[in-house]
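Before any comments, here is the structure.
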Amino acid sequence: MLGYVTIGTRDLPRAVEFYDAIAKEMDTPRLMEFETFIAWQKPGGPAGLAVTLPYDKNPASVGNGMMVALQAKDPAQVKRLYELALSLGGTDEGPPGDRGGGFYAAYFRDRDGNKLNAFCMVSA
């Protein structure tokens, strides 16, 4: 259903540094690059992610209740993504762990305060 998700930023170079590192860990290349917008996605792959300066030129803000979930390949990658995000200036919203029903996840915010998680499904 989803093609891509766009996250607003107040500082594109700072956000791109964060998301380039996340995308590298997930082996996902940049798909598009413009002066105000950068997107990562594997051609023909799952939904992509983009970071943009808002088109209306107003400051980007965090959506209350909004979160972007990044599908990791296994619990080890969930942990690596969480630790990477924190090392890049992200903030903790919940360490890696089993959330029940085979759902393994870690929660964090990017440098702009946007909430993300890294998750995978594991056999019970």
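Our numbering puts the first residue of the sequence shown at 2, with every later residue one more than the last.
All C-beta atoms in this analysis are idealised placements derived from N, C-alpha and C, irrespective of residue type, glycine included.
Treat the numbers as computed from the prediction; the structure is a model and nothing was measured.
Hey, out of the options, whose CA is closest to residue i's CA?
i    : options                : result
D28  : G103, F104 and A73     : A73
M68  : A119, L87 and L13      : A119
E128 : M2, A86, F35 and G45   : Residue 128 is absent from the model: the chain starts at 2 and stops at 125.
R31  : F38, Q42 and A22       : Q42
E84  : P44, G45, F35 and Y108 : Y108
State the Cα-Cα distance for the pair residue i and residue j, rounded to the nearest angstrom.
i    : j    : result
A77  : L54  : 32 Å
L71  : E18  : 17 Å
M33  : Y105 : 30 Å
Y20  : N65  : 21 Å
N115 : V6   : 12 Å
S1   : D12  : The shown model of the chain, from 2 to 125, leaves out residue 1, and the question about it has no answer.
S128 : R100 : Past the boundaries of the shown model lies residue 128; the chain is included only from 2 to 125, so the question cannot be answered.
K58  : L3   : 26 Å
Y56  : L50  : 17 Å
Provide the residue(s) that pair with residue i in DSSP beta bridges, ordered along the chain.
i    : result
M33  : A40
R110 : T92 and K116
L71  : A119
Y105 : D99 and C121
Along the chain, where does the beta strand (DSSP E) that runs through residue i open and close?
i    : result
D93  : T92 to D99
V123 : Neither: V123 is in no beta strand (DSSP E) and is coded neither H nor E.
A51  : G49 to T53
T7   : Y5 to G9
If the criterion is Cβ atoms closer than 8 Å, does the pair residue i and residue j meet it?
i    : j   : result
T10  : V52 : yes
L82  : I23 : yes
D113 : A16 : yes
P97  : K80 : yes
Between which two residues does the alpha helix (DSSP H) containing residue i stretch?
i   : result
Y20 : L13 to E26
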